[in-house]
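*Asks:* Take a look at this one; I'll ask things after.
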Amino acid sequence: MNILLWHVHGSWTTAFVQGPHTYLVPVTEDRGPDGLGRARTFRWPESVRERTPAQLRDDPVDLVVLQRPHEAALAERWLGGRRPGRDVPAVYLEHNAPHGTVPDTRHPCADRDDLTLVHVTHFNRLFWDNGATPTTVIEHGIVDPGHRYSGHVERAAVVVNEPVRRGRTTGTDLLPALSRAAPLSVFGMGTEGLADHLGLSADRCRAADLPQEALHDAMAACRLYLHPVRWTSLGLSLLEAMHLGMPVVALATTEAVRAVPPGAGTLSTRPEELAEAARGYLADPAAAAEDGARARQAALARYGLKRFLYDWEQLIAEVVAR
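When we follow our numbering, the leftmost residue of the sequence shown carries the number 2, and every step to the right adds one.
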């Protein structure tokens, strides 16, 4: 079938488009947020097809996957008046944990009977006020990058986009103290100037924005993966690190406590304990490799691509049948 979805979250979409369908991704002349088209730093199959708003007007569409509140009106306009949830089956995929007056934050799709609200974690479904809208959870799936871990670089890898702007949400304020336990290699968009912002030397905090393939190799060379995020959904970079075979040192917040099992790393709400764990991995590479191997097995079992695609196929069949 033909599935319309916007290119919003590159890592998640990379897994989703591995399914058996044709995926219509809007593209605009400026390739802005509503028309990014195909990814340029992720490998997507040929079944992902760029479509202009003019082309979408006459395209047969069997399902719309909405990911942002304004996309419903955008889809109706670009599909020639066909309304998602009324004239075309639709789901709303919520990537994020709620912000605002948590746990009373009302979801934009609360109390709708014309679509299904899909959360990517059980934590998110619990904390959003979904009203009477039918809801479900389809946990993340990862295209397995393979067991690449070497850990020969005595640094902690951190992956975060826009750490300066997002500040306490992503635990950016915790990085100076943690960098004293393990030098940091921070990867992601908007990381330029991070060391200066934190008052750290270039050796204690290096930053780079890399395409996915190069990112995975750079992460896997580091001794451990550090996830100091206070409040988010569930970072796909954390799951990718586990797939790579990296031991995890993470704040015990949101869905991380469910994703990282005992023996795969250290989870704590005390930054001091995270620093101690990081120092331990730097001093004992064998223990780091052993915990990383357990992290990989846990990630393959819970966040494997096959389970993810199966869950989506089941939901798509139900939604289209209704």
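Virtual Cβ for every residue (Gly too), placed ideally from N, Cα, C.
Is Cys110 close to the ligand GTP? I mean its beta-carbon at under 6 Å from any heavy atom of the ligand.
*Replies:* Summarising the ligand content, the structure contains no ligands, and the ligand GTP is consequently not present.
*Asks:* What are the boundary residues of the alpha helix (DSSP H) that includes Tyr282?
*Replies:* As a first step, residue 282 must be located in the sequence shown, where it is residue number 281. From DSSP, the alpha helix (DSSP H) with Tyr282 extends over 272-284.
*Asks:* Along the beta strand (DSSP E) that carries Arg39, what are the first and last residues, could you check?
*Replies:* Within the sequence shown, the letter at position 38 stands for residue 39. Here Arg39 belongs to no beta strand (DSSP E), and DSSP marks it neither H nor E.
*Asks:* Report the three-state DSSP secondary structure of Gly266 (helix, strand or coil).
*Replies:* One-based indexing of the sequence shown puts residue 266 at position 265. In this structure, Gly266 counts as strand in the three-state DSSP scheme.
*Asks:* Let's see if you can read the secondary structure: which residues bound the alpha helix (DSSP H) around Arg167?
*Replies:* Position 166 of the sequence shown, counted from the start, is the residue given in the question as residue 167. Per DSSP, Arg167 belongs to the alpha helix (DSSP H) from 164-167.
*Asks:* Please classify Pro27: does DSSP put it in a helix, a strand, or coil?
*Replies:* Taking the first residue of the sequence shown as 1, we reach residue 27 at position 26. Pro27: strand per DSSP, three-state reduction.
*Asks:* Identify every residue that forms a DSSP beta bridge with His198.
*Replies:* For the purposes of this step, residue 198 is taken as the residue at position 197 of the sequence shown. Looking at the DSSP assignment, His198 forms no beta bridge with any residue, so it has no partner.
*Asks:* Would you check if the distance between the CB atom of Ala257 and the CB atom of Thr267 is smaller than 7 Å?
*Replies:* For this step, residue 257 is matched to residue 256 along the sequence shown. For this step, residue 267 is matched to residue 266 along the sequence shown. No, the pair does not count as a contact, with Cβ atoms beyond the cut-off.
*Asks:* Would you call Leu57 buried or exposed, if buried means 16 or more other Cβ atoms sit within 10 Å of its Cβ?
*Replies:* Counting from 1 along the sequence shown, the entry for residue 57 is found at position 56. Buried, since its Cβ has 16 or more Cβ neighbours within 10 Å.
*Asks:* Would you decide whether Trp229 is buried or exposed? Buried here means 16 or more other CB atoms lie within 10 Å of its CB.
*Replies:* Counted from its first residue, the sequence shown places residue 229 at position 228. Reading off the sequence, residue 229 comes out as Pro, not Trp. It counts as buried.
*Asks:* In chain order, which beta strand (DSSP E) runs of at least 3 residues are fully inside the stretch 116-153?
*Replies:* Taking only runs of at least 3 residues, the beta strand (DSSP E) segments lying wholly in the stretch 116-153 are 117-120, 136-138.
*Asks:* Among all the DSSP beta bridges, which residues are the ones paired with Ser186?
*Replies:* Start at 1 with the first residue of the sequence shown, and residue 186 comes out as number 185. Partner(s): Ala158, Arg207.
*Asks:* For the beta strand (DSSP E) containing His228, list its first residue and its last residue.
*Replies:* Stepping through the sequence shown from its first residue, residue 228 is reached at position 227. Unbroken beta strand (DSSP E) run through His228: 223-228.
*Asks:* Under the DSSP definition of a beta bridge, which residues are partnered with Ile4?
*Replies:* Looking up residue 4 in the sequence shown gives position 3. Ile4 pairs with Tyr24, Leu64.
*Asks:* In three-state terms, what does DSSP make of Tyr93?
*Replies:* For this step, residue 93 is matched to residue 92 along the sequence shown. Here Tyr93 sits in strand by DSSP.
*Asks:* Throw me the rounded Cβ distance for the Thr106 and Leu118 pair, which I believe falls under 8 Å.
*Replies:* Counting from one through the sequence shown, the residue named residue 106 turns up at place 105. Counting from one through the sequence shown, the residue named residue 118 turns up at place 117. About 14 Å separates the two Cβ atoms, so there is no contact after all.
*Asks:* With C-beta atoms as the reference, is Ser12 less than 7 Å away from Leu252?
*Replies:* By 1-based counting over the sequence shown, the position of residue 12 is 11. By 1-based counting over the sequence shown, the position of residue 252 is 251. Not a contact, by the Cβ cut-off of 7 Å.
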